[in-house]
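So, in structure tokens, the structure goes:
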């Protein structure tokens with residue numbers, strides 16, 4: 614294919630090329646919206662039907678880790694946006710720094726996610742033969758507050774007395790938890806790969822005010838993954854937290 | 006048509022708004038607003054998502070064509086959610102936990118309850 618510098622033959626100007634690339638990325642993101650949308654729909658229907666089991670399941674999640682990860686991910690979106698800005702105004706060194714910061718924050722997010730998954734194994738919360746929501750030691754938010762802890766235990770016991778099938782429906786919650794956060798984490802891993810490619814390009818000084826399409830387009834993808842988490846956090850972590 | 010450069014000031018303001026939104030979401034989850042807890046959580050999440058789309062993703066400064074694509078994604082998502090949920094929410098026998106024949110999987114004897 615004919616190519617002049619960064620401009621491919623089928624385009625007349627870099628601007629037109631960039632417009633096409635961002636439009637293409639957005640069309641991909643539309644398919645992603647519907648892809649995740651299907652999971653959110655499944656979640657909605659099951660949560661509506663099995664609200665008690667979903668509430669108990671949600672209360673076993675560690676809200677500190679979840680909220681912390683939300684902050685980390687939004688920060689990484691900020692650094693990604695700043696990387697785009699740095700490229701647009703021609704600060705090549707800042708592009709490198711902000712891209713590396715974005716990758717670092719993304720890695721922190723995935724690390725925390727790994728810690729959370731490990732906890733689920735420890736607490737018998739993996740759907741399957743040894744799944745038992747009643748087993749979970751305590752709502753992490755209750756902390757050292759024994760009164761709060763007793764209330765929590767009482768509530769769980771009562772729920773199990775009313776509906777012995779609660780462990781079945783709890784497995785639905787955790788299947789969705791692992792499915793949705795797992796798919797989200799997979800997108801983060803793909804994003805981390807894209808960031809590595811961008812960092813390589815930024816060290817070569819490839820991104821300039823005239824040509825920064827890759828940073829812009831990967832940025833769109835990264836922000837989309839952030840949006841998915843903005844919905845996942847309240848829907849998975851914050852069900853039935855009040856008394 | 007030259008490209009619009011969003012200044013870092015705006016990015017930081019949006020970041021602050023997103024942090025505030027996260028804080029309010031966590032706070033609201035611990036208050037008892039009855040059936041409105043989920044509504045509040047979703048409204049805040051949607052405001053946050055809109056801010057990200059408009060400013061971090063530059064939708065506000067994009068071409069009309071790109072904006073149309075973005076609106077389409079929301080529109081199709083709304084169709085999928087609305088049509089499916091109108092079906093499910095009008096099937097009353099499934100709303101009672103433990104009553105539905107769908108509640109217990111066919112291979113239930115394989116699992117420990």
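Chains as they are written, first to last, in our numbering: chain W, 614 to 856; chain R, 6 to 118.
Ideal Cβ positions, reconstructed from N, Cα and C, are used throughout, including at glycine.
As the structure is a computational prediction, the values presented were derived from the model and not from experiment.
Residue j beta carbon less than 8 Å from that of residue i
i, j, result
"residue 779 of chain W", "residue 787 of chain W", "no"
"residue 841 of chain W", "residue 797 of chain W", "yes"
"residue 46 of chain R", "residue 822 of chain W", "no"
"residue 722 of chain W", "residue 692 of chain W", "no"
"residue 831 of chain W", "residue 811 of chain W", "yes"
"residue 785 of chain W", "residue 716 of chain W", "no"
"residue 53 of chain R", "residue 73 of chain R", "no"
"residue 799 of chain W", "residue 642 of chain W", "no"
"residue 684 of chain W", "residue 27 of chain R", "yes"
"residue 794 of chain W", "residue 630 of chain W", "no"
"residue 647 of chain W", "residue 81 of chain R", "yes"
"residue 68 of chain R", "residue 765 of chain W", "no"
"residue 698 of chain W", "residue 29 of chain R", "no"
"residue 85 of chain R", "residue 650 of chain W", "yes"
"residue 18 of chain R", "residue 855 of chain W", "no"
"residue 789 of chain W", "residue 665 of chain W", "no"
"residue 58 of chain R", "residue 64 of chain R", "yes"
Contact belief for residue i with residue j at Cβ below 8 Å, rounded distance in angstroms
i, j, result
"residue 824 of chain W", "residue 679 of chain W", "That pair is no contact at about 39 Å."
"residue 791 of chain W", "residue 700 of chain W", "Actually they are not in contact, since the Cβ atoms of residue 791 of chain W and residue 700 of chain W sit about 37 Å apart, beyond 8 Å."
"residue 853 of chain W", "residue 668 of chain W", "3 Å"
"residue 844 of chain W", "residue 653 of chain W", "7 Å"
"residue 857 of chain W", "residue 747 of chain W", "Coverage of chain W is limited to positions 614 through 856, which leaves residue 857 of chain W absent and any answer about it impossible."
"residue 818 of chain W", "residue 719 of chain W", "No, residue 818 of chain W and residue 719 of chain W are not in contact; Cβ-Cβ is about 23 Å, not under 8 Å."
"residue 714 of chain W", "residue 16 of chain R", "Between residue 16 of chain R and residue 714 of chain W the Cβ distance is about 13 Å, and since that is not below 8 Å, they are no contact."
For residue i, the residue or residues it bridges with in DSSP
i, result
"residue 616 of chain W", "W/621"
Under 8 Å from the C-beta of residue i: neighbouring residues of chain C
i, result
"residue 10 of chain R", "Here chain C cannot be found, since the structure's protein chains are W and R."
(request) Return the residues of the segment 683–702 of chain W that lie within a Cβ-Cβ distance of less than 7 Å from chain R, sorted by chain order. (result) Cβ proximity to chain R below 7 Å picks out 683, 684, 687, 690, 691, 694, 695, 698, 701, 702 from the segment 683–702 of chain W.
(request) Check each residue of the segment 783–816 of chain W: if its Cβ is closer than 7 Å to any Cβ of chain R, include it; give the result in chain order. (result) none
(request) Could you list the residues in the segment 65–98 of chain R with a C-beta less than 8 Å from some C-beta on chain W, going in chain order? (result) Correct list: 67, 68, 70, 71, 74, 75, 77, 78, 79, 81, 82, 85, 86, 89, 90, 93, 94.
(request) Within the segment 796–850 of chain W, note down every full beta strand (DSSP E) run reaching 3 residues or more, in order along the chain. (result) none
(message) For the segment 718–742 of chain W, list every residue whose C-beta sits within 7 Å of some C-beta in chain R, in sequence order.
(response) 742
(request) Give, in chain order, every residue of the segment 821–840 of chain W whose Cβ lies closer than 7 Å to some Cβ of chain R. (result) Answer set for the segment 821–840 of chain W: 833, 836, 839, 840.
(request) Ignoring anything shorter than 4 residues or poking outside the segment 68–103 of chain R, list the alpha helix (DSSP H) runs there in chain order. (result) 69–94
(request) Below 9 Å between beta carbons is the criterion; list the residues of the segment 49–60 of chain R that meet it against any residue of chain W, in chain order. (result) 49, 50, 51, 53, 54, 57, 58, 60
(request) Just list the alpha helix (DSSP H) runs in the segment 642–706 of chain W, keeping only unbroken ones of 4 residues or longer that don't cross its boundaries, in chain order. (result) 664–672, 676–701
(request) Check distances from the C-beta atoms of the segment 17–36 of chain R to those of chain W and list, in chain order, the residues that come in under 9 Å. (result) 17, 19, 20, 23, 24, 26, 27, 28, 30, 31, 33, 34, 35, 36
(request) Below 8 Å between beta carbons is the criterion; list the residues of the segment 627–639 of chain W that meet it against any residue of chain R, in chain order. (result) 628, 631, 632, 635, 636, 639
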